[in-house]
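Below is one structure; the comments refer to it alone.
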Amino acid sequence: MSLESWGALFITCVALSLSPGPSSTYALATSIRQGATAGFKAVLGSTLGFSTLILIALVGLTAFVATLPWLVTFMKGVGALYLLWLAFTLWRSANANEPHTEVAQQKSLSRHHTVVRGFLIALSNPKIVLFWLAFMPSIVAVDVLTAVDMAVVIATFALVEAGVELALVWFGAAAQYFLAKHVRLIDRFSAVIFVLFAIMIVLSE
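The sequence shown: position 14 = 14 (this note's numbering), numbered continuously.
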């Protein structure tokens, strides 16, 4: 991959990472509710998820999509259902009758699931795969794509995406003290955002 190609790749990764998505929403909400450590775990999970999606796209998902056209629809359905389930759990926790301190204690018990949840949220958006399938041919000849090229693509996007999400985590953790009294409102807002993303995934071409 030439330096010019990598430059185009980097700019595209920045633009894609700065666009709002369920993973960035989850990272921000998690850092506000549970602190920076949990937010870092969410970023780790989403970065691993995005890296997996890009790897799938690079190794030839095009062939599967051509052979099994229903695969994309299935992926969209599964992704949308997971986001709806996550929205339901957030809304339910926001409606909990327990005092905030008890809710926080309960949430802290599930922090070890944060990485897995971040990973699954990233996987819930098949548009990432479709984007890379459409974008990669303009950067490098996919028929002669080397392992080094794949590693460069994945590492570039992973670092850019992680950087953007870590900035959100830092902001969320810094604002945690001021927003602590509004955790339930934040949960409800996050739930609505996840529902909107689920609808967007289903309706996307």
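Glycine residues also receive a C-beta, built at the ideal position from the N, C-alpha and C atoms.
Backbone secondary structure at Glu102 - three-state DSSP
To locate residue 102, count along the sequence shown from 1; it is residue 102. Its pLDDT being 39, under 50, Glu102 is placed unreliably by the model, and nothing is read from it.
(Q) For the alpha helix (DSSP H) containing Ala8, name the first residue and the last one. (A) For the purposes of this step, residue 8 is taken as the residue at position 8 of the sequence shown. From DSSP, the alpha helix (DSSP H) with Ala8 extends over Leu3 to Leu18.
**Item:** Alpha carbon of Trp6 to alpha carbon of Met200, nearest angstrom
**Value:** In the sequence shown, counting from the first residue as 1, residue 6 sits at position 6. In the sequence shown, counting from the first residue as 1, residue 200 sits at position 200. About 30 Å.
task = Report yes if the CB atom of Leu225 is closer than 8 Å to the CB atom of Leu55, and no otherwise.
result = Absent from the structure is residue 225, since the part of the chain shown begins at 1 and ends at 205.
query = Of all the options Asp187, Lys41, Leu81 and Phe194, which has the alpha carbon lying nearest to the alpha carbon of Trp170?
reply = On the sequence shown, position 170 is the one that residue 170 refers to. For the residues Asp187, Lys41, Leu81 and Phe194, the minimum Cα distance to Trp170 belongs to Lys41.
| Would Gly208 pass as a contact of Tyr26 if the rule is Cβ separation under 8 Å? | There is simply no residue 208 to check, as the chain begins at 1 and stops at 205 in what is shown.
- Near Gly39, which residues of its chain fall below 7 Å by C-beta distance, leaving aside the five closest residues on each side in sequence? Stepping through the sequence shown from its first residue, residue 39 is reached at position 39. Closer than 7 Å at Cβ, skipping near neighbours: Ala27, Thr30, Ser31, Val169, Gly172 and Ala173.
TODO: Tell me whether Val192 sits in a helix, a strand or coil according to DSSP, three-state version.
DONE: Mapped onto the sequence shown, residue 192 falls at position 192. In this structure, Val192 counts as helix in the three-state DSSP scheme.
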